[in-house]
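So in this note's numbering, spot 191 of the sequence shown is number 840, and the numbers just go up one at a time.
Beta carbons are placed, not taken as given, at the ideal position from N, Cα and C, and that holds for glycine.
These figures come from a predicted structure and were not determined experimentally.
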Amino acid sequence: MINRLFIDGNDAYLQYGAYVVSGGWNELVAYPPLKSVESNDWQEEDGVEADLSEPVLNTREVSVKFAFGGLFSRFCLFIELLSDGAYHDFDCAYIGRKYRLRMTQQPNLDIAKALGTATIKFADDFPMQGYEYRVPSSGMPVCDDYLIDNAPTTNYGLRVLQGTMSEIMKPAAVKQNLLRNIKTLSGAIYDGKAVTFKSKDVKLKCLMRAETLDGLWRNYDALLYDLTQPEERLLTVRELEQDFPCYYKSCQVSDFYPDGRIWLAFTLTLTFTGSFRLDDTDFVLATEDGVIVFTEDGENAIEMLPDKYSARSMQLVNDRLHIRLTGNGNIRFND
């Protein structure tokens, strides 16, 4: 347990018998959230018009769970250390990170004579302070199922996990049109001429791997830096053959293993600002007057879908089966 955590240069375990329990680092290593973004919400349009000219990260409060070995009386000395001034330097050598934190509260304490646990909350007021950008580097095989600003997520050593597609395809909440609910009349009178959707938060379930901790943090920090650059990001989903304008909102870490086979599982929350209706991709060959051209059997038509990612893609269509030959050479069967 020694040489894992240093606070103001003191080994937390040697001096106070304190160490971070398994899973106790998760909130600390999660990305800070973005500060609220000003936006115009036009009733007649889907989503919002967000002002992302200068996005900035917010302060955050994180919980760290400690265990105390040896004589439990050293817990009081530990709290005294954390309260002798607002800010303290945390050198988390075990996970290869450094933070400047201030204690805010202690919501949980389980005391015993020789062993105890305590959850302490800290504020991190200096997100990405002193960070210098390093281009991400990963030995992960390239996969272009998801791209951010035309860069595959595998460039960061990151794969997007199962469950994300459902989040992306789930419709946004509907904006409410003019609604009149008159006390003297049953029901209500609603302007139902048009339906538009609110912006929506989409959770990307992510897994990042690396050979070393330095490699992990290089890619992890580069991803946050790239996500928080001015203006909207563009998330490309190959399976849907569609791009979604969005911006980073927040992050939550679920699992972190800093030794052995290093990996980090986390969820990115992106706000989709507009153009998130799923495209109808059934473009069928037709004559100039709009008459669909069928094959000789009179049952099958050939769909030609412009594929902006590489070449054109072609889909063979009948009532039972769609066979798509995509521009990148793949064959996809859609029942």
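Q. To which residues of the same chain is Pro801 closer than 7 Å at the C-beta, ignoring the five residues directly before and after it?
A. Within the sequence shown, numbered from 1, the residue matching residue 801 stands at position 152. Cβ within range, chain order: Val791, Cys792 and Asp793.
Q. Quick one, which of Leu810, Lys819, Gly718 and Val711 has its alpha-carbon nearest Tyr748's?
A. By 1-based counting over the sequence shown, the position of residue 748 is 99. Checking every option, the nearest Cα to that of Tyr748 belongs to Val711.
**Q.** Distance between beta carbons of Gly812 and Lys854, contact taken as under 8 Å
**A.** Here residue 854 refers to the residue found at position 205 when the sequence shown is read from its first residue. Here residue 812 refers to the residue found at position 163 when the sequence shown is read from its first residue. With a Cβ gap of about 5 Å, Lys854 and Gly812 count as contacting.
Q. If we ignore side chains and look at the alpha-carbon of each, how far apart do Thr768 and Val669 end up?
A. Numbered from its first residue, the sequence shown carries residue 768 at position 119. Numbered from its first residue, the sequence shown carries residue 669 at position 20. When rounded, the distance between both Cα atoms is 10 Å.
Q. Does DSSP put Val809 in a helix, in a strand, or in coil?
A. Here residue 809 refers to the residue found at position 160 when the sequence shown is read from its first residue. Note: Val809 maps to strand in three-state DSSP.
**Q.** Three-state secondary structure assigned by DSSP to Ser688
**A.** If you number the sequence shown from 1, residue 688 lands on position 39. It is a strand residue.
Q) Sorted by chain position, which residues of the same chain lie with C-beta nearer than 8 Å to Tyr874's C-beta, five sequence neighbours on each side aside? A) Here residue 874 is taken as the residue at index 225 of the sequence shown, counted from 1. Taken in chain order, the residues that qualify are Met777, Tyr780 and Tyr782.
Q: Look up Arg829 in the DSSP assignment and give the residues it is bridged to.
A: One-based indexing of the sequence shown puts residue 829 at position 180. Arg829 is bridged to Ile838.
Q: Could you pull the start and end residues of the beta strand (DSSP E) that Val713 belongs to?
A: On the sequence shown, residue 713 is found 64 positions in, with the first residue counted as 1. Note, Val713: beta strand (DSSP E), Arg709 to Gly718.
Q: To the nearest angstrom, report how far apart Ser660 and Val697 are at their CA atoms.
A: In the sequence shown, the residue the question calls residue 660 occupies position 11. In the sequence shown, the residue the question calls residue 697 occupies position 48. According to the sequence shown, residue 660 is Asp rather than Ser. Approximately 49 Å between the Cα atoms of the pair.
Q) Alpha carbon to alpha carbon, what distance is there between Asp908 and Phe727? A) As a working note, residue 727 is residue 78 in the sequence shown. As a working note, residue 908 is residue 259 in the sequence shown. Distance between the alpha carbons of Phe727 and Asp908: 27 Å.
Q. Can you list, in chain order, the residues of its chain whose CB lies under 8 Å from that of Ser924, leaving out five sequence neighbours each side?
A. As a first step, residue 924 is located in the sequence shown; it is residue number 275 there, counting from the start. Excluding sequence neighbours, Ser924 sits near Asp695, Gly696, Asp892, Phe893 and Pro894.
Q: From the DSSP output, in three-state form, read off Asp870 for me.
A: Taking the sequence shown and counting its residues from 1, the one referred to as residue 870 is at position 221. DSSP places Asp870 in helix when its eight states are reduced to three.
(Q) Among the candidates Val886, Leu701 and Asn804, whose CA atom is the shortest distance from the CA of Met818? (A) In the sequence shown, counting from the first residue as 1, residue 818 sits at position 169. Cα-wise, what sits closest to Met818 is Val886.
Q) Is Thr922 helix, strand or coil by DSSP? A) By one-based count along the sequence shown, residue 922 stands at place 273. Coil.
Q.
With three or more C-beta pairs closer than 8 Å as the rule, is the region 837-849 touching the region 750-757?
A. no
Q) Exposed or buried, which one is Pro820 when buried takes at least 16 other CB atoms within 10 Å? A) Within the sequence shown, numbered from 1, the residue matching residue 820 stands at position 171. Classification of Pro820: exposed, given that the 10 Å Cβ count is below 16.
**Q.** Three-state secondary structure (DSSP) of Met818
**A.** On the sequence shown, residue 818 is found 169 positions in, with the first residue counted as 1. Helix.
Q.
On a Cα-Cα basis, can you pick out the residue from Leu917, Leu834, Asp928 and Phe655 that is closest to Ile744?
A. What you label residue 744 is simply residue 95 of the sequence shown in a count that begins at 1. It is Phe655.
Q.
To the nearest angstrom, how far is the alpha carbon of Gly788 from that of Ala871?
A. On the sequence shown, position 139 is the one that residue 788 refers to. On the sequence shown, position 222 is the one that residue 871 refers to. Roughly 16 Å separates the two Cα atoms.
**Q.** Close-in-space but distant-in-sequence residues of the same chain around Asn799 (CB under 8 Å, 5 per side omitted)
**A.** Residue numbering aside, residue 799 sits at position 150 when the sequence shown is read from its first letter. Taken in chain order, the residues that qualify are Leu883 and Thr885.
Q. Which residues bound the alpha helix (DSSP H) around Ile728?
A. Indexing the sequence shown from 1 puts residue 728 at position 79. Its alpha helix (DSSP H) spans residues Arg723 to Leu731.
Q.
Pull the bridge partners of Leu764 from the DSSP assignment, please.
A. Numbered from its first residue, the sequence shown carries residue 764 at position 115. Leu764 is bridged to Gly718.
**Q.** Cβ neighbour criterion (16 or more within 10 Å) applied to Val713
**A.** Residue mapping note: residue 713 aligns to position 64 of the sequence shown, counting from 1. The residue is buried, with at least 16 neighbouring Cβ atoms inside 10 Å.
Q. By how many angstroms is the C-alpha of Tyr662 removed from the C-alpha of Leu731?
A. Looking up residue 731 in the sequence shown gives position 82. Looking up residue 662 in the sequence shown gives position 13. Roughly 15 Å between the two C-alpha positions.
Q) Could you give the C-beta distance for Leu764 and Gly718, rounded to a whole number, given that I count them as a contact under 8 Å? A) Counted from its first residue, the sequence shown places residue 764 at position 115. Counted from its first residue, the sequence shown places residue 718 at position 69. Sure, about 6 Å apart at Cβ, within 8 Å.
Q. Hey, Ala914 and Leu856 are a contact pair by Cβ (cut 8 Å); roughly how many whole angstroms apart?
A. Here residue 914 is taken as the residue at index 265 of the sequence shown, counted from 1. Here residue 856 is taken as the residue at index 207 of the sequence shown, counted from 1. That pair is a contact at about 5 Å.
Q) By how many angstroms is the C-alpha of Ser848 removed from the C-alpha of Ser903? A) Start at 1 with the first residue of the sequence shown, and residue 903 comes out as number 254. Start at 1 with the first residue of the sequence shown, and residue 848 comes out as number 199. Rounded to the nearest angstrom, the two C-alpha atoms are 26 Å apart.
Q.
Quick check on Asp773: buried or exposed, where buried means 16 or more other Cβ atoms within 10 Å of its Cβ?
A. By 1-based counting over the sequence shown, the position of residue 773 is 124. Buried, since its Cβ has 16 or more Cβ neighbours within 10 Å.
Q: Taking Leu807 as the reference, give the member of Pro879, Arg723 and Thr916 with the closest Cα.
A: Residue mapping note: residue 807 aligns to position 158 of the sequence shown, counting from 1. Selected option, being the one with the closest Cα: Thr916.
Q: Can you give me the Cβ contacts of Gln901 inside the same chain, cut-off strictly under 7 Å, excluding the 5 residues immediately before and after it?
A: For this step, residue 901 is matched to residue 252 along the sequence shown. Ala679, Phe915 and Thr916, listed in sequence order.
Q) Thinking C-beta only, is Thr918 closer than 8 Å to Tyr617? A) Because the chain in this structure spans residues 650 to 984, residue 617 falls outside the shown range and cannot be described.
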